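J.: Got a structure for you, questions after.
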Amino acid sequence: MVTTVTQAFFEQYLMPQTNEQLKSCTWLKLTAANGLDIPYLGYVELDVEVLGTTLPQMGILVVKDPPDPASQQRKTVVPGLLGMNIISGCYSVLFREHGNNLFSSPLVKQAEREWGRALSEYQQMDRLLQTGHVGEAVTPPGPAIRIPAGSLQFVQATCNQGPGPAIGTVLLEPLPYGKGWLPMNLLISSALLTVSRGTVNIPVVNVGEEDQWLRSKTVLGTSQPQTPSPQRLALCPWKNLQVSQRAIHHLLKGQKQPFSSCWDQR
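Residues in the sequence shown are numbered from 485 upward in steps of one, following our numbering.
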């Protein structure tokens, strides 16, 4: 997810403080969680100071203001999204400086708790991406699940190591031959699946002529993390984030509006 600000915010706070002109990026298409396109004007590259760390030349997309008053009011309250380019950059710098003591460092402890939550979620996501393993996908406790003959049915399963809100998509891989147990004529293929509250819906095919039953706690495959999900995580207050062409340190001083993290779904 990229970092964005509204057109109104850009014109009121950023444009007067910088000579940067909006750059065109017509090749980029933004899509909201509901599948609709997000219209934008262009982007700028500005220095961003967050938690005492200056990140140079961060790309920020300027999205068009919505036409209806209700949406405009909502965008006034939350005028942008902090993208992974800023959150990951901030985490990397702080981790290099503080290592495993990052969350006990004065900068993080003195910041609003939402910053700690955002960095913690990124750390969890980063570890999952490095290990390449979320956990086994297992059918939940309860009665056996019927898979009718000659049909495809989606079976809900849970991941042993819940990926949390940071991971929204996993790649399911079936167990190697000889490992695990599936009833005769049931097939599971590799699939890219959406995670919702630690559960996935796995397509299971019965190629036989008789109904089959999946017992509870049956391992259907292993899941690997894919891309971050724009789930709601935190609202990060303005006073911990400043944007500038050359580190304009007081641009946002005194602003009370929250700035949504990249996981804040609208």
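Yeah, the Cβ is synthetic: ideal placement off N, Cα and C, and Gly gets one too.
Just so you know, these numbers come straight off a predicted model, no measurement behind them.
Drop a sphere of 10 angstroms on the beta-carbon of A628, count the other beta-carbons inside from all chains shown, and report buried for 16 or more, exposed for fewer.
T.: One-based indexing of the sequence shown puts residue 628 at position 144. Exposed: under 16 other Cβ atoms inside 10 Å.
J.: Once the 5 residues before and after K559 are set aside, which same chain residues still bring their CB inside 6 Å of it?
T.: Stepping through the sequence shown from its first residue, residue 559 is reached at position 75. Excluding positions up to five away in sequence, the list reads T490.
J.: Please work out which residues of its chain come closer than 6 Å, Cβ to Cβ, to P523, disregarding the five sequence neighbours upstream and downstream, and give them in chain order.
T.: On the sequence shown, position 39 is the one that residue 523 refers to. Only K548 meet the Cβ criterion.
J.: Among L578, S700, M499, S572, which one has its Cα closest to the Cα of E605?
T.: As a working mapping, residue 605 is identified with position 121 in the sequence shown. Of the candidates L578, S700, M499, S572, the one whose C-alpha sits nearest the C-alpha of E605 is S572.
J.: Nearest by alpha-carbon distance to L566: which of L545, Q501, P550 is it?
T.: As a position in the sequence shown, residue 566 is number 82, starting the count at 1. Nearest C-alpha to L566: L545.
J.: Closest to Y527 by C-alpha separation, out of F579, K663, L514, L591, would be which residue?
T.: Reading the sequence shown from its first residue, position 43 is the one you call residue 527. Residue L514 is the option with its Cα nearest to Y527.
J.: Starting from M568 and walking both ways along the beta strand (DSSP E), at which residues does that stretch end?
T.: Working through the sequence shown from its first residue, we reach residue 568 at position 84. Note, M568: premise wrong, no beta strand (DSSP E); alpha helix (DSSP H) at 568-582.
J.: Tell me the rounded alpha-carbon separation between Q594 and R580.
T.: Mapped onto the sequence shown, residue 594 falls at position 110. Mapped onto the sequence shown, residue 580 falls at position 96. When rounded, the distance between both Cα atoms is 19 Å.
J.: For T510, is the classification buried or exposed, using 16 other Cβ atoms within 10 angstroms of its Cβ as the cut-off for buried?
T.: Taking the first residue of the sequence shown as position 1, residue 510 is located at position 26. Exposed, because fewer than 16 other Cβ atoms sit within 10 Å of the Cβ of T510.
J.: Tell me whether P553 sits in a helix, a strand or coil according to DSSP, three-state version.
T.: By one-based count along the sequence shown, residue 553 stands at place 69. Helix, per DSSP.
J.: Quick check: what's the CA-CA separation for E694 versus N685?
T.: In the sequence shown, residue 694 corresponds to position 210, counting from 1. In the sequence shown, residue 685 corresponds to position 201, counting from 1. Going by the C-alpha atoms only, they are around 23 Å apart.
J.: Kindly identify the DSSP beta-bridge partner or partners of K507.
T.: Taking the sequence shown and counting its residues from 1, one reaches residue 507 at position 23. Looking at the DSSP assignment, K507 forms a beta bridge with Y527.
J.: Rounded to the nearest angstrom, how far is the Cβ of L578 from that of T537, given a contact under 8 Å?
T.: As a first step, residue 578 is located in the sequence shown; it is residue number 94 there, counting from the start. As a first step, residue 537 is located in the sequence shown; it is residue number 53 there, counting from the start. Their Cβ separation, rounded to whole angstroms, is 7 Å, which keeps L578 and T537 in contact under 8 Å.
J.: Rounded to whole angstroms, what's the CA-CA distance from V592 to C574? Just pull it up for me.
T.: Taking the first residue of the sequence shown as position 1, residue 592 is located at position 108. Taking the first residue of the sequence shown as position 1, residue 574 is located at position 90. So the two alpha carbons sit approximately 11 Å from each other.
J.: What three-state label does DSSP hand P500 in the structure shown?
T.: Indexing the sequence shown from 1 puts residue 500 at position 16. The answer is helix: DSSP assigns P500 an H, G or I state.
J.: Less than 8 Å between the beta carbons of L676 and V639, yes or no?
T.: Counted from its first residue, the sequence shown places residue 676 at position 192. Counted from its first residue, the sequence shown places residue 639 at position 155. No, the pair does not count as a contact, with Cβ atoms beyond the cut-off.
J.: Taking R601 as the reference, which of F587, P660, P500, G564 has the closest Cα?
T.: On the sequence shown, residue 601 is found 117 positions in, with the first residue counted as 1. Checking every option, the nearest Cα to that of R601 belongs to F587.
J.: If we ignore side chains and look at the alpha-carbon of each, how far apart do S680 and P709 end up?
T.: The residue given as residue 680 occupies position 196 in the sequence shown. The residue given as residue 709 occupies position 225 in the sequence shown. Those two C-alpha atoms are separated by around 13 Å.
J.: Going by alpha carbons, who is nearest to G682 out of P667, R597, V561, V622?
T.: Translated into positions along the sequence shown, residue 682 becomes position 198. Considering only alpha carbons, the answer is V622.
J.: For the segment 596-682, which segments carrying the beta strand (DSSP E) assignment without a break, of at least 3 residues, lie completely within its bounds, in sequence order?
T.: Counting whole runs of 3 or more residues, the segment 596-682 contains the beta strand (DSSP E) stretches 619-622, 629-631, 635-643, 653-657, 675-678.
J.: Can you list, in chain order, the residues of its chain whose CB lies under 6 Å from that of P667, leaving out five sequence neighbours each side?
T.: Looking up residue 667 in the sequence shown gives position 183. Once the five neighbours on either side are set aside, the close Cβ partners of P667 are Q696.
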